[in-house]
Amino acid sequence: MKEKNTENLMDKLISLCKRRGFIFPSSEIYGGIANGWDYGPLGAELKNNIKRAWWKRFVHGRDDMVGIDAALIMNPKIWEASGHLSHFTDPLVDCKKCKNRFRADEITPPTPPFVRGGKKDDFLERGRGGVCPNCGGELTQSRQFNMMLKTFLGPLEDESAVVYFRPETAQAMFVDFKQVLQTTRKKLPFGIAQAGKAFRNEITPGNFIFRTREFEQMEIEYFVKEKDWKKNFEMWLEEMKQWCKFLGLKDDELYFHEIADNERAHYSKRTIDIEYKYPFGQKELYGLAYRTDYDLQNHMKASGADLNYEDPATKEKFVPHVIEPTWGVDRSVLVTLLSAYHEEEAPTSEKGESETRVVLKIPKALVPIQVAVLPLSKKEELSNIAKNIAKDLREQFVVEYDETQSIGRRYRRQDEIGTPYCVTVDFDSLNDLAVTVRDRDTMKQERVQIAGLPEYFNKAF
Ligand code: GAP
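So that you can map any letter, position 226 of the sequence shown is 450 in my numbering, and since no number is skipped, the others follow by simple counting.
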């Protein structure tokens with residue numbers, strides 16, 4: 225099989241996602257909603273598999289971790305204490321001509337004054353001007369735009385009812401720290417994990433599900449003694465590298481970007497962004513930050529609660545420091561799909577004829593459908609056997625039964641959605657009580673006894 229290059233990869237992937245039901249535009253029958261996307265049946269499976277695998281690996285798989293599931297809307301005082309109401313900003317510029325709005329740091333050259341996270345950047349000193357990427361018009365000076373998504377809680381719509389959708393899952397792990405500590409009796413170092421929705425009023429959402437205003441995160445706040453932060457930072461960096469491998473990402477698709485002092489978020493003393501080489505450029509996939517004791521200290525001051533940890537051996541009391549590995553769920557889905565997308569020249573006959581097949585080589589542990597059961601014909605004698613096979617396999621695997629179209633087209637469809645195995649029931653099955661199992665990646669076929677299928681797939685997955 226010869227691999228073909230994949231030009232216009234984003235367009236092809238977006239089209240495949242819509243056509244096959246991974247991801248489609250949200251609210252489409254009403255004209256959509258700015259960069260909103262819905263996960264269809266296959267996308268929901270893939271996304272849930274990623275979240276489940278993450279939870280299994282980092283919560284169930286470790287003795288030093290517990291998980292929580294906190295409210296999306298929390299007391300607004302949390303966002304004051306965390307610094308989000310004052311610092312969670314992006315620099316915004318308007319085009320004076322076409323009125324479009326942009327993030328100043330995404331315009332080349334940046335428009336002055338360029339300020340990020342409340343810190344001045346040296347572009348300000350250099351004073352370089354920017355023009356509108358849309359129409360070439362003159363841009364306004366940049367100003368800080370807060371990305372917190374506001375709403376009102378309860379029947380009153382005045383200042384007293386203002387609340388915010390959480391912009392990160394992280395803060396719940398800090399404000400619930402004491403309760404988790406008391407109920408689980410964990411000892412340092414230990415971590416609290418959470419996966420769930422976050423909301424940001426992004427200036428420029430875009431690039432499919434790369435940047436949206438509603439998205440999901442999987443985050444860990446890992447509490448350590450201050451003197452131990454470096455080794456725990458390294459430990460989580462390695463864990464994140466292993467996770468990237470698990471998603472099927474290759475080393476040359478990734479870049480580990482040490483964030484400079486004046487570029488880091490307001491709470492961080494060291495940050496490494498794990499970047500991916502997307503078709504639209506090398507950009508952030510995940511992040512790893514040393515948040516020091518910034519958050520616990522601030523919540524202690526603002527709430528009056530005692531968030532100290534008492535060392536059981538020495539009885540010493542102190543505020544733990546925090547290493548935060550953070551993963552975007554939607555970006556995990558995007559890079560898994562991008563990395564899995566292959567176009568191959570596949571033979572269709574022994575005379576050397578071939579055709580291009582599109583195949584998603586999603587890691588087996590994450591595929592939406594594990595086994596497709598395909599009777600060669602709709603005739604009852606075959607479909608009855610096939611339906612029984614599907615029913616049996618469904619007890620352990622995610623199975624799709626499909627009897628429509630030619631077998632070739634059904635294989636192509638399963639390749640395109642990443643199904644690792646197709647089970648074909650043919651007329652020989654009536655006699656030898658066996659079926660053909662086709663492998664997605666090699667396209668090799670082998671004959672397997674029907675009674676042996678559960679064992680066969682248990683070994684395969
Ligand atoms: N608690 C730290 C934090 O939230 P972040 O770098 O702002 O750090 C963490 O976000 C991760 O969340 C990012 O690495 C990315 O994967 C994902 N993410 C952030 N903003 C996003 C957006 N607008 N759309 C999709 N994913 C986003």
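Ideal placement from N, C-alpha and C gives every residue a C-beta, glycine not left out.
Looking only at its chain, what residues have a beta carbon closer than 6 Å to the beta carbon of residue i, apart from the 5 residues adjacent to it on each side?
i	result
residue 541	532, 534
residue 267	246, 247
residue 673	658
residue 503	233, 234
residue 438	423
residue 667	none
residue 239	none
residue 344	Residue confidence for residue 344 is low, a pLDDT of 44 falling below 50, so the modelled location carries little weight and cannot support an answer.
residue 551	442, 510
residue 594	621, 622
residue 662	646, 669
residue 362	320
Considering residue i, what are the terminal residues of the alpha helix (DSSP H) in which it resides?
i	result
residue 563	553–564
residue 310	308–311
residue 523	518–527
residue 274	265–279
residue 686	Nothing in the structure corresponds to residue 686, since the chain is present only between 225 and 685.
Kindly list the residues whose CB is nearer than 7 Å to the CB of residue i, restricted to its own chain and excluding five residues on each side of it in sequence; keep chain order.
i	result
residue 378	385
residue 508	497, 499
residue 555	434, 509
residue 607	599, 627
residue 408	290
residue 480	496, 498
residue 452	413
residue 374	386, 388
residue 282	289, 417, 444
residue 591	642, 643, 644
How many angstroms separate the CA atom of residue i from the CA atom of residue j?
i	j	result
residue 303	residue 421	16 Å
residue 671	residue 621	20 Å
residue 586	residue 470	10 Å
residue 349	residue 495	Low local confidence applies: a pLDDT of 35 at residue 349 is under 50, so the model's placement there is unreliable, and no value is given.
residue 273	residue 319	42 Å
residue 436	residue 566	26 Å
residue 601	residue 650	8 Å
residue 269	residue 288	28 Å
residue 560	residue 381	42 Å
residue 675	residue 584	29 Å
residue 527	residue 367	31 Å
residue 484	residue 513	12 Å
residue 410	residue 316	43 Å
residue 549	residue 255	37 Å
residue 325	residue 427	7 Å
residue 530	residue 406	12 Å
residue 482	residue 546	18 Å
residue 577	residue 241	28 Å
residue 611	residue 642	21 Å
residue 328	residue 371	14 Å
residue 680	residue 309	55 Å
residue 402	residue 279	22 Å
residue 299	residue 678	50 Å
residue 655	residue 623	24 Å
residue 456	residue 553	23 Å
residue 516	residue 446	11 Å
Who are the near neighbours of residue i in its chain, counting only those whose CB is closer than 8 Å to its CB and skipping five residues on each side?
i	result
residue 634	596, 598, 626, 628, 646
residue 589	273, 277, 470, 685
residue 297	375, 377, 387, 388, 389, 390
residue 543	517, 520, 521, 524, 531, 532, 533
residue 258	429, 437
residue 400	292, 294, 416
Beta strand (DSSP E) containing residue i: first to last residue?
i	result
residue 254	Premise fails: residue 254 is in no beta strand (DSSP E) and is neither H nor E.
residue 240	Residue 240 -> not in any beta strand (DSSP E); alpha helix (DSSP H) instead, spanning 233–244.
residue 374	373–376
residue 247	247–249
residue 596	595–599
residue 366	Careful: residue 366 lies outside any beta strand (DSSP E) and carries neither H nor E.
residue 323	Element bounds for residue 323: n/a, residue is neither H nor E.
residue 286	Residue 286 -> no beta strand (DSSP E), and no H or E assigned at all.
residue 481	478–482
residue 498	494–502
residue 581	578–584
message: Which complete beta strand (DSSP E) runs does the region 388–473 hold, if anything under 3 residues is left out?
response: Taken in chain order, the complete beta strand (DSSP E) segments of 3 or more residues contained in the region 388–473 are 414–423, 438–448.
message: Which complete beta strand (DSSP E) runs does the region 605–677 hold, if anything under 3 residues is left out?
response: Within the region 605–677, the complete beta strand (DSSP E) runs of at least 3 residues are 623–625, 645–649, 658–663, 669–673.
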